[in-house]
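Here's the structure we're looking at; comments come further down.
Number of protein chains: 2
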Amino acid sequence: MKTTDSQYYQCLYFTSNALARKVEKLAIESWKQVELSPSHGYVLMAVLEEPGVQPSRLSDEMQLTPSTITRLLE
Amino acid sequence: MKTTDSQYYQCLYFTSNALARKVEKLAIESWKQVELSPSHGYVLMAVLEEPGVQPSRLSDEMQLTPSTITRLLE
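Okay, structure coming up:
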């Protein structure tokens, strides 16, 4: 079934999550080539862009909670 | 920082995930009133709409993997 065929296709909660899951799947596929998850890849790009960047700044830039950033950096 | 101020704001992976997280937050807040998570609420709505619905049909309608549906129903 296509997302637009679902009875919830006019619901932002449903569609935003369905879109994010589909894009996540594509991103996982792409990053697999370098054996990184998309999130780890993005953190790595951000750190390469700005060496020594503070976790709080990463959290802000990536719009992730500080605890998610901590988990990714470990 | 606003999502549009991030260096990744033109990246679909970043924006779709940021949007989904923001909408999820709103949904969690709304469903809290009836002590359900948004996902449980949606499964419940789908089952009320179609009593006796098969998990495979739910998975299709909600665009979730069968294992996520099983986890939600338990």
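Chains X and C, in that order, give the protein sequences. Heads up, my numbering is the position in the first sequence plus 7, with the first residue counted as 1. Heads up, my numbering is the position in the second sequence plus 7, with the first residue counted as 1. Even glycine gets a Cβ: it sits at the ideal position worked out from N, Cα and C. Computed from a prediction, not measured in an experiment: that's the story for all the values here.
DSSP three-state assignment for residue i, whether helix, strand or coil
i, result
"SER23(X)", "helix"
"SER74(C)", "helix"
"TYR49(X)", "helix"
"SER37(X)", "helix"
"LYS9(X)", "coil"
"LEU43(C)", "coil"
Nearest to residue i (by Cα), restricted to the options the options
i, options, result
"CYS18(C)", "LEU19(X), GLN14(X), LEU33(X), PHE21(X)", "LEU33(X)"
"ILE82(C)", "HIS47(X), GLU57(X), PHE21(X), LEU55(X)", "Any answer about residue 82(C) is impossible in this case: the structure gives chain C only from 8 up to 81."
"GLY48(X)", "ASP12(X), GLN61(X), LEU80(X)", "LEU80(X)"
Chain C contact for residue i (CB, 8 Å cutoff)
i, result
"GLU42(X)", "no"
"THR10(X)", "yes"
"VAL30(X)", "yes"
Contact test: residue i Cβ vs the ligand COA heavy atom, cutoff 7 Å
i, result
"LEU26(C)", "Looking for the ligand COA in the displayed structure turns up nothing, as the structure carries no ligands at all."
CB contact check: residue i to chain X, cutoff 8 Å
i, result
"PRO73(C)", "no"
Under 8 Å (Cβ pairs) to chain X, residues found in the segment 13-24 of chain C: SER13, GLN14, TYR15, LEU19, TYR20, PHE21, SER23, ASN24
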